[in-house]
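A.B. asks: Each residue of the sequence shown is one higher than the one before, starting from 1 at the first, in UniProt numbering. Backbone N, C-alpha and C fix where the C-beta goes; we use that ideal spot for every residue, glycine too.
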Amino acid sequence: MKIVSWNVNGIRSLSAGVAATVRSFDADIVCFQETKVSRDALSTDIAVVDGYNAYFSCSRSTRAGYSGVATYCKDDCKPVAAEEGLTDWTNDQLRPSSVGCYSDDTDDIDLKALDSEGRAVLTEFTMHYDDTDFPVVLINVYCPRYDPDNEERFEFKMRFHRLLESRALALLAAGKRVIIVGDVNVAREKMDHCDHATIVDFESAPHRLWFKNLLFDANASVYSQRRFVDVFRVFHPDAQAAYTCWNSKLSARVTNFGTRIDYVLADRQLVEMGAFADCRHLTDVFGSDHCPVLVELNATVRSSQRLPQLCTRLMPEFRGSQTKLSAFFARGKRPADGDTSAVVVKRAAKSVVAQRSLTDFFEQPKKQSTVKSVAQSATVEPNVVGVEAEKSVSSVNSVSSTSNISTTSGIRTDTVDSAAAATWNSLFSRKRAPPPLCRGHHEPCVELIVKKAGPNKNKHFFGCARPGGPKSDPLSRCEHFEWLSDAVKKQEKRVFK
Ligand SMILES: [Zn+2]
């Protein structure tokens with residue numbers, strides 16, 4: 001059986017849609033982290049995927065659309081129990097189909113607050129391997145990010161790590177096997193961090209020490225009681241620069257300047273019994289600042305007869321939800337389902353009709369590039385999901401309108417009728433001056449926007465177009481910086497001289 005885990009950095013940003021993305025992996029279980037969807041914003045296209053059953057945990061903190069994890073299980077891989085959170089803080093009515101086995105200290109009120117950000121979903125399965133059935137709990141987790149400037153948040157992060165560990169150990173103590181998948185937000189070793197040399201006390205950072213103490217190390221001089229194994233390293237012990245996360249603001253994926261912070265951690269017994277067949281990073285899947293991690297097991301799941309209470313299909317608003325493709329198109333809605341290529345064709349066709357008005361386009365520039373991306377990637381290779389271009393453009397806030405719009409209009413002139421085409425042409429005839437060349441490479445810059453709060457917020461500037469990387473690498477982004485207003489002034493001077 002296959003399990004895929006992916007920090008999607010916003011489930012709505014998946015360009016192929018949730019259903020097509022989930023199905024594209026052909027996995028028995030798909031775990032997403034950082035869904036950024038709140039409970040009241042859960043919609044049918046996210047919560048109900050034909051062929052799968054979903055289990056969500058959404059943040060209940062004041063920050064809406066923050067954090068969040070979701071586990072999708074194939075219909076023939078139903079869990080016997082499902083539960084959100086690492087403490088037993090959720091309401092009692094879910095108890096009968098909860099996973100249970102809490103550690104002693106989870107009655108702590110602070111810990112329950114810690115657990116309210118929608119960072120964990122637990123599903124328990126009856127697995128079968130080597131002529132035996134045994135219970136396995138899958139913890140889909142999104143650990144808090146490390147923010148060096150926020151001490152309080154760091155304390156929160158450390159407590160969350162310890163809470164994860166104590167729950168996992170409680171499950172083991174109850175005789176269950178445990179697999180933890182997700183974004184742990186810790187690079188384990190120096191080899192898992194592109195920039196470790198610049199980090200003071202890399203080895204002794206508290207979150208790294210915590211991780212080290214959790215993980216079994218066959219090479220440790222002292223016999224280790226540590227119960228968990230980093231499954232990727234079982235299959236790729238020496239793989240260098242095997243990263244899963246890259247800074248999208250620096251387009252650092254191009255230069256593979258990243259970190260390995262997404263893991264599959266399994267209890268030793270599962271590994272030693274030979275339950276795992278492979279674990280690898282799906283680096284050719286784009287659409288997030290992380291890539292998915294795939295793990296293959298020799299074990300199989302004995303599907304449960306009943307759906308645990310946490311399943312989205314049992315939520316009042318989704319009860320009996322049908323996601324037939326025809327129903328969606330009849331209502332002119334976004335398809336939540338169906339064969340990937342069919343979805344692409346239909347959506348592309350729809351976009352042509354819908355794009356007559358220019359105002360429509362400028363109000364929803366992101367949607368347009370999504371449709372384009374899906375059409376391109378999915379028609380060529382239906383199994384490839386998401387497109388980095390769309391994502392990186394939005395996260396870098398590049399407004400390099402000359403290049404963006406010209407590619408989009410290129411697609412459009414083929415399909416849009418002549419009246420619309422004429423309007424487009426008149427718009428694009430107002431050409432802008434070419435961007436300045438960067439000092440480091442003498443290449444055209446990209447236009448960017450200041451995101452940081454302060455007097456310059458939302459101000460436009462030109463920067464090097466190359467991907468970010470180590471300063472010592474001349475092929476990566478140079479430090480060119482020029483306010484757009486200054487560049488325009490220069491341009492005008494040139495014109496009037
Ligand atoms: Zn440059």
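For C311 and R233, what's the separation of their Cα atoms in angstroms?
C.D. replies: In the sequence shown, counting from the first residue as 1, residue 311 sits at position 311. In the sequence shown, counting from the first residue as 1, residue 233 sits at position 233. Their Cα atoms are separated by approximately 33 Å.
A.B. asks: For the stretch 53-63 and the stretch 281-300, state whether three or more C-beta atom pairs, one from each stretch, are separated by less than 8 Å.
C.D. replies: Output reads no: the stretch 281-300 does not touch the stretch 53-63.
A.B. asks: With a threshold of 16 other CB atoms inside 10 Å of the CB of N9, please say whether the residue is buried or exposed.
C.D. replies: Residue mapping note: residue 9 aligns to position 9 of the sequence shown, counting from 1. Classification for N9: buried.
A.B. asks: Would F318 and V48 qualify as a contact pair, given that the criterion is a beta-carbon distance under 9 Å?
C.D. replies: Position 318 of the sequence shown, counted from the first residue, corresponds to residue 318. Position 48 of the sequence shown, counted from the first residue, corresponds to residue 48. Contact flag set, yes.
A.B. asks: Would you check whether ligand 1 has a heavy atom nearer than 8 Å to the C-beta of G440?
C.D. replies: Taking the sequence shown and counting its residues from 1, the one referred to as residue 440 is at position 440. Indeed, a heavy atom of ligand 1 lies less than 8 Å from the Cβ.
A.B. asks: Could you tell me which of P148, S15, T35, H193 sits nearest to S5, measuring between CA atoms?
C.D. replies: Taking the first residue of the sequence shown as 1, we reach residue 5 at position 5. Cα-wise, what sits closest to S5 is T35.
A.B. asks: Go ahead and label Q33 buried or exposed: buried means 16 or more other beta carbons lie within 10 angstroms of its beta carbon, across all protein chains shown.
C.D. replies: In the sequence shown, residue 33 corresponds to position 33, counting from 1. Answer is buried; the Cβ neighbour count reaches 16.
A.B. asks: Can you find the residues in the same chain that come closer than 6 Å, C-beta to C-beta, to K459, ignoring five residues on each side of it along the sequence?
C.D. replies: To locate residue 459, count along the sequence shown from 1; it is residue 459. The answer, listed in chain order, is V450.
A.B. asks: Per DSSP, what kind of secondary structure is E317 in: helix, strand or coil?
C.D. replies: Stepping through the sequence shown from its first residue, residue 317 is reached at position 317. Here E317 sits in helix by DSSP.
A.B. asks: Could you give the C-beta distance for S67 and E117, rounded to a whole number, given that I count them as a contact under 8 Å?
C.D. replies: Here residue 67 corresponds to residue number 67 of the sequence shown, with the count starting at 1. Here residue 117 corresponds to residue number 117 of the sequence shown, with the count starting at 1. 5 Å between Cβ atoms; contact.
A.B. asks: Once the 5 residues before and after residue 568 are set aside, which same chain residues still bring their CB inside 6 Å of it?
C.D. replies: Since the first residue shown for the chain is 1 and the last is 497, residue 568 is missing from the structure and cannot be characterised.
A.B. asks: Should A252 be counted as a contact of ligand 1 given a C-beta to heavy atom distance under 8 Å?
C.D. replies: Along the sequence shown, one-based indexing puts residue 252 at 252. It does not: the Cβ of A252 is nowhere closer than 8 Å to a heavy atom of ligand 1.
A.B. asks: Who are the Cβ neighbours of H161 in its own chain at under 7 Å, not counting the five residues just before and after it?
C.D. replies: Translated into positions along the sequence shown, residue 161 becomes position 161. So the qualifying residues of the chain are C143, H207, W210.
A.B. asks: Using DSSP with H/G/I as helix, E/B as strand and the rest coil, what is H442?
C.D. replies: Mapped onto the sequence shown, residue 442 falls at position 442. DSSP places H442 in coil when its eight states are reduced to three.
A.B. asks: Just how far apart, CA to CA, sit I139 and I180?
C.D. replies: Stepping through the sequence shown from its first residue, residue 139 is reached at position 139. Stepping through the sequence shown from its first residue, residue 180 is reached at position 180. For I139 and I180, the distance between alpha carbons rounds to 5 Å.
A.B. asks: For the structure I just gave you, are there three or more beta carbon pairs, one from the stretch 175-191 and one from the stretch 253-269, closer than 8 Å?
C.D. replies: Result yes; three or more Cβ-Cβ pairs closer than 8 Å.
A.B. asks: With respect to 8 Å, is the separation between the Cβ of A465 and the closest non-hydrogen atom of ligand 1 below this value?
C.D. replies: The count along the sequence shown starts at 1 and reaches residue 465 at position 465. A465 Cβ: within cutoff of ligand 1.
A.B. asks: Among E189, R159, T126, R227, which has the Cα closest to the Cα of A168?
C.D. replies: Within the sequence shown, the letter at position 168 stands for residue 168. Checking every option, the nearest Cα to that of A168 belongs to R227.
A.B. asks: State the DSSP-derived secondary structure class of L297, mapped to helix, strand or coil.
C.D. replies: For the purposes of this step, residue 297 is identified with residue 297 of the sequence shown, where counting begins at 1. Strand.
A.B. asks: When you compare each of Q309, T132, P237, Q305 to C279 by their alpha carbons, which one comes out closest?
C.D. replies: Stepping through the sequence shown from its first residue, residue 279 is reached at position 279. Cα-wise, what sits closest to C279 is P237.
A.B. asks: Going by the beta-carbon positions, is the gap between M273 and D131 smaller than 9 Å?
C.D. replies: Looking up residue 273 in the sequence shown gives position 273. Looking up residue 131 in the sequence shown gives position 131. Contact flag unset, no.
A.B. asks: Comparing C-alpha positions only, which one of L448, F25, K2 sits nearest to H480?
C.D. replies: By 1-based counting over the sequence shown, the position of residue 480 is 480. Among L448, F25, K2, the Cα nearest to that of H480 is on L448.
A.B. asks: How should S248 be labelled, buried or exposed, when 16 other C-beta atoms within 10 angstroms of its C-beta is the threshold for buried?
C.D. replies: Counting from 1 along the sequence shown, the entry for residue 248 is found at position 248. So S248 ends up on the buried side.
A.B. asks: For the beta strand (DSSP E) that L138 lies in, which residues bound it at each end?
C.D. replies: For the purposes of this step, residue 138 is taken as the residue at position 138 of the sequence shown. Its beta strand (DSSP E) spans residues 132-142.
A.B. asks: Can you check whether the CB of T123 is closer than 9 Å to the CB of P308?
C.D. replies: Looking up residue 308 in the sequence shown gives position 308. Looking up residue 123 in the sequence shown gives position 123. Against a cut-off of 9 Å, the Cβ pair of T123 and P308 comes out as a contact.
A.B. asks: How about I29: is its C-beta nearer than 9 Å to some C-beta of chain C?
C.D. replies: No chain C appears in the structure shown, which is made up of a single protein chain.
A.B. asks: Is C478 near ligand 1, going by C-beta to nearest heavy atom under 8 Å?
C.D. replies: Numbered from 1 along the sequence shown, position 478 holds the residue referred to as residue 478. It does: the Cβ of C478 is within 8 Å (strictly closer) of some heavy atom of ligand 1.
A.B. asks: Roughly how many angstroms separate the alpha carbons of E203 and E189, rounded to a whole number?
C.D. replies: Residue 203 sits at position 203 when you count from the first residue of the sequence shown. Residue 189 sits at position 189 when you count from the first residue of the sequence shown. Those two C-alpha atoms are separated by around 8 Å.
A.B. asks: In terms of alpha-carbon separation, which member of K457, R477, G17 lies closest to W483?
C.D. replies: Numbered from 1 along the sequence shown, position 483 holds the residue referred to as residue 483. Ranking the options by Cα distance to W483, first place goes to K457.
A.B. asks: Residue range of the alpha helix (DSSP H) that I46 falls in?
C.D. replies: Looking up residue 46 in the sequence shown gives position 46. 44-47 is the span of the alpha helix (DSSP H), which, as asked, contains I46.
A.B. asks: For K2, name the three-state secondary structure that DSSP assigns.
C.D. replies: Counting from one through the sequence shown, the residue named residue 2 turns up at place 2. If DSSP states are grouped into helix, strand and coil, K2 belongs with the strands.
A.B. asks: Excluding the 5 residues flanking G85 on each side, which residues of the same chain have their C-beta closer than 7 Å to its C-beta?
C.D. replies: For the purposes of this step, residue 85 is taken as residue 85 along the sequence shown, with counting starting at 1. Result list for G85: S57, D115, A120, in chain order.
A.B. asks: Using C-beta distances below 7 Å, list every residue in its chain close to L214, excluding the 5 sequence neighbours before and after it, in chain order.
C.D. replies: As a position in the sequence shown, residue 214 is number 214, starting the count at 1. Excluding sequence neighbours, L214 sits near E165, R226, F228.
A.B. asks: Taking 8 Å as the line, does the beta carbon of E443 fall inside it for any heavy atom of ligand 1?
C.D. replies: In the sequence shown, residue 443 corresponds to position 443, counting from 1. Yes; taking the cut-off as 8 Å, the Cβ of E443 has a heavy atom of ligand 1 nearer than that.
A.B. asks: Exposed or buried, which one is R477 when buried takes at least 16 other CB atoms within 10 Å?
C.D. replies: Indexing the sequence shown from 1 puts residue 477 at position 477. By the neighbour-count rule (16 or more Cβ atoms within 10 Å), R477 is buried.
A.B. asks: Grab the span of the alpha helix (DSSP H) containing V234 for me, first residue to last.
C.D. replies: By one-based count along the sequence shown, residue 234 stands at place 234. Note, V234: alpha helix (DSSP H), 231-235.
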